[in-house]
Structure formats: structure tokens, C-alpha cells
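Peer 1: Structure below; questions to follow.
Numbering (my numbering), first residue to last: 1029 to 1267.
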């Protein structure tokens, strides 16, 4: 199934593959710049479709950075395929992920970032935020693109179904999806407690304008308000 491509912010493209059997979309994000960045690799099985989509936007061999939140099939499963396709690309993840997972898994050494560390793709500057166990995993972290204020959210704001590429109204879908998961073996998908609550507060303070979300529609608008609403949803369903 070909992946859909939509520009959700200037130079930022959402590449989405919907899997009807599980009613879920898997999204990757390409930041097209002097040194392009791919956020999320997708699973190995989706690599041909995702690579074909990237090739419509840039020469895949010219990828400079590959990044993701945490070690999981949809986040990093096809990492080595991408490293083969882009011989100069550098894997950029948190220090824990680089030390614990990438040294064994990745075909080339990864660059481990500490909390608050930044790097540039050319026009755009990205800041790494260490967020252990948010959305899940000791190695979890997020990227914030400071120039246009885009937060790469990974699994935060997850929505089931086939949704519009970008929306200003996603919270009801987020609530319904999280509530549905709590009634299935997928329950406890994301932890919630005082530490993760403080981490969400930190994301709110960034005042993002775009939320690039792994599953479902991305968000455009008052990102701080959306994250506050999301925190309330998590508190009501997971506390």
C-alpha cells in the first residue's frame, strides 16, 4: 500500500501508512533541509513504501540524520535499511538509547544526545528532550524544532483510525483511543505518574505550534493547550 505524503508545516512532511487490519496509521516525518532528517524509521515491512515516499521528496541517499524517540519496531525497526540507503546518515538519539540499544542494533555507531543538546539541519535547529518513560521506555526522548516550534511527539496524542493529515481538534480521538486500549491487552500502553506529569508540563512550556504525531492526525494550533488537555485525559484514564 503506497504511503500518503502531506506537508504539515513548511519543509516538514508526514509520510503515513494506514493498516486497516489494526485500524492504525504509522507516520514518519521528513524535515527537508540542507541536511535532511527522518523521524521514525517505520517497521522493516514498511521500508519499501516509506523509502519510495521519501524518494518523491529528496534523494534518500542524502539523508543526514535519522532519529526516533525510543527502541520499538515502528520507531526504529528499519533503521539499518535506512543506514544502508543513506551511507552518510547519522543516527541521533538520546544517550541512553545510544549506549543501551544502538551499540548492539545499529550497523553504525549512533550519536547520543544529552538533555537540552541541539543540532542543526541548516535552516532549522532541533533540541533533544530526555523524557524517560514518556511515552514509554527508559531510553525515550523527543525532539523540538525551535525555528517553527514543532514538537515531534512519538506516541503522545495517539489516535486510532484513518485521520486527516493535520487537525486543530484531536483530543476527543486521543481520549477514545486511549480509553479503548485500556479495555484490551494493550492496556497500560503509557505510564502516568508524578514524573511523567512534570515532563508533560515541560512540553507545555515550549508552546509548540505543530505536534508531529506517530499515530493519527498531526496537530496545528495552540500546542500548549492541546498538551494540557492531553495531560487531563491521561490523568482521568490512567491515574
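Glycine is no exception: its CB is placed at the ideal position from the N, C-alpha and C atoms.
Against chain D, does residue 1147 count as a neighbour if the rule is that its beta carbon must be under 7 Å from one of theirs?
Peer 2: Reference to chain D is not applicable here, since this structure consists of a single protein chain.
Peer 1: Report buried or exposed for residue 1102, applying the criterion of at least 16 other Cβ atoms within 10 angstroms of its Cβ.
Peer 2: Position 74 of the chain shown, counted from the start, is the residue given in the question as residue 1102. Buried: at least 16 other Cβ atoms inside 10 Å.
Peer 1: How long is the line joining the alpha carbons of residue 1180 and residue 1220, rounded to whole angstroms?
Peer 2: For the purposes of this step, residue 1180 is taken as residue 152 along the chain shown, with counting starting at 1. For the purposes of this step, residue 1220 is taken as residue 192 along the chain shown, with counting starting at 1. Their Cα atoms are separated by approximately 19 Å.
Peer 1: Have a look at residue 989 and residue 1120 and give me their C-alpha separation to the nearest angstrom.
Peer 2: In this structure the chain extends from 1029 to 1267, so residue 989 is not present and cannot be described.
Peer 1: Could you tell me which residues DSSP pairs with residue 1149 in its beta bridges?
Peer 2: Position 121 of the chain shown holds residue 1149. Answer is none; residue 1149 lacks a bridge partner.
Peer 1: Could you tell me the alpha carbon to alpha carbon distance between residue 1198 and residue 1260, rounded to whole angstroms?
Peer 2: Start at 1 with the first residue of the chain shown, and residue 1198 comes out as number 170. Start at 1 with the first residue of the chain shown, and residue 1260 comes out as number 232. Each residue's Cα considered, the two are about 14 Å apart.
Peer 1: Is DSSP giving residue 1122 helix, strand or coil here?
Peer 2: In the chain shown, the residue the question calls residue 1122 occupies position 94. Residue 1122 falls in the strand class under three-state DSSP.
Peer 1: Go ahead and pull the three-state DSSP assignment for residue 1105.
Peer 2: Residue 1105 sits at position 77 when you count from the first residue of the chain shown. Residue 1105 falls in the coil class under three-state DSSP.
Peer 1: Under the rule that 16 or more other beta-carbon atoms within 10 Å means buried, what is residue 1227, buried or exposed?
Peer 2: Against the chain shown, residue 1227 aligns to sequence position 199. Flag for residue 1227 reads buried.
Peer 1: Return the residue from the list 1118, 1077 and 1069 that minimises the CA-CA distance to residue 1090.
Peer 2: Residue 1090 sits at position 62 when you count from the first residue of the chain shown. Closest option to residue 1090, Cα to Cα, is 1118.
Peer 1: Are residue 1034 and residue 1193 closer than 7 Å when you measure CB to CB?
Peer 2: The residue labelled residue 1034 in the question sits at position 6 within the chain shown. The residue labelled residue 1193 in the question sits at position 165 within the chain shown. Going by C-beta atoms, residue 1034 is nearer than 7 Å to residue 1193.
Peer 1: Using only CA atoms, which one of 1204, 1190, 1263 and 1185 lies nearest to residue 1248?
Peer 2: Counting from 1 along the chain shown, the entry for residue 1248 is found at position 220. Among 1204, 1190, 1263 and 1185, the Cα nearest to that of residue 1248 is on 1185.
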